[in-house]
Amino acid sequence: GEVTVTPAFYAAGAQYTVKADARLYALFTRIGEGIGASESYTLHTGALTNGDYVITFDNMAMSTSKNSANNKLYGTSVTPANNLINSPDSSIVWKITVSGNTATIYNAAVGYVKCLTGDNTNIAFSSSAASWNLGEGGRSFINQTYATRALCYNQPSNYFGNYKIGAYDPNL
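This note's numbering applies: residue 1384 is where the sequence shown begins, and numbers increase by one.
This is the structure we're talking about:
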């Protein structure tokens, strides 16, 4: 039947009825110590805390590969097995630092991922910390200037960018 209670996030494998626009994404957090082949990332279901994460939308991980022409990050395909991503390439591992209701997203290859102040789809990259507001129970990254925009995956073009909430949500 229909689920009438809407939690802030849904567990892997949970079934529910979508009654409005929905944004589906997953965070995978590091569970193994080490680098490269010895690391494993598991589906993250708790509150967002400081740590290393793989950010995914619809089985596409946000990578450090930039499209300089339009200030977006490409997605790269991932296939979690039993809610695990084993030995991910460093290009899809992001250090997230949480401070209250904001968070920074960092990878040494590109620096900090920054939301721009303009009402457009571009993101920027900075050597200094740049925060996003946390939304949806601390599990989404919202533009600090334009609350109608968030870090989202645009499936048709294979980019992660600063899209209008609801515009490029993954298909169910």
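Even for Gly, the Cβ is constructed at its ideal location relative to N, Cα and C.
Among the options, the one whose alpha carbon lies nearest that of residue i
{"i": "Thr1531", "options": "Asn1516, Thr1480 and Ser1540", "result": "Asn1516"}
{"i": "Ser1510", "options": "Ser1460, Ile1488, Asp1502 and Thr1504", "result": "Ile1488"}
{"i": "Thr1425", "options": "Ala1444, Val1476 and Ile1468", "result": "Ile1468"}
{"i": "Ile1503", "options": "Asn1454, Asn1465 and Phe1440", "result": "Before going on, a small fix: residue 1503 reads as Asn here, not Ile. The shortest Cα separation from Asn1503 among Asn1454, Asn1465 and Phe1440 belongs to Asn1454."}
{"i": "Ser1460", "options": "Met1443, Ala1512 and Leu1534", "result": "Met1443"}
{"i": "Ile1548", "options": "Asn1541, Ser1540, Leu1534 and Pro1539", "result": "Leu1534"}
{"i": "Thr1447", "options": "Gly1429, Leu1431 and Pro1471", "result": "Pro1471"}
{"i": "Gly1494", "options": "Gly1501, Ala1512 and Gly1483", "result": "Ala1512"}
{"i": "Cys1498", "options": "Ile1479, Tyr1542, Ile1475 and Asn1526", "result": "Asn1526"}
{"i": "Val1481", "options": "Tyr1546, Gly1544, Thr1432 and Ser1474", "result": "Thr1432"}
{"i": "Tyr1536", "options": "Thr1485, Phe1508 and Asn1545", "result": "Asn1545"}
{"i": "Ser1523", "options": "Ala1486, Ala1491, Phe1508 and Ala1492", "result": "Ala1486"}
{"i": "Gly1483", "options": "Asp1435, Ser1514 and Leu1456", "result": "Ser1514"}
{"i": "Asn1505", "options": "Lys1478, Asn1450 and Gly1518", "result": "Asn1450"}
{"i": "Thr1500", "options": "Gly1434, Phe1543, Asn1541 and Thr1528", "result": "Thr1528"}
Three-state class that DSSP yields for residue i in the structure shown
{"i": "Ile1475", "result": "helix"}
{"i": "Tyr1536", "result": "strand"}
{"i": "Ala1464", "result": "strand"}
{"i": "Ser1482", "result": "strand"}
{"i": "Thr1531", "result": "coil"}
{"i": "Asp1502", "result": "coil"}
{"i": "Asn1433", "result": "coil"}
{"i": "Gly1549", "result": "coil"}
{"i": "Asn1469", "result": "strand"}
{"i": "Asn1541", "result": "coil"}
{"i": "Asn1490", "result": "strand"}
{"i": "Ile1418", "result": "In this prediction, Ile1418 has a pLDDT of 47, which is less than 50 and means its spatial position is unreliable; what the coordinates show is noted afterwards. In the structure shown, Ile1418 sits in coil (DSSP, three-state: anything other than H, G, I, E or B)."}
Endpoints, the beta strand (DSSP E) within which residue i is located
{"i": "Ser1446", "result": "Met1443 to Asn1450"}
{"i": "Thr1425", "result": "Ser1423 to Leu1426"}
Contact test: residue i Cβ vs the ligand NAP heavy atom, cutoff 7 Å
{"i": "Lys1449", "result": "Judged by which ligands are present, the structure shown has none, so any question about the ligand NAP falls away."}
For residue i, the residue or residues it bridges with in DSSP
{"i": "Ala1507", "result": "Lys1497"}
{"i": "Asn1516", "result": "Thr1485 and Ile1525"}
Below-8 Å beta-carbon distance, residue i vs any chain D residue
{"i": "Tyr1489", "result": "As a matter of chain content, chain D is missing from the structure shown, which is built from one protein chain."}
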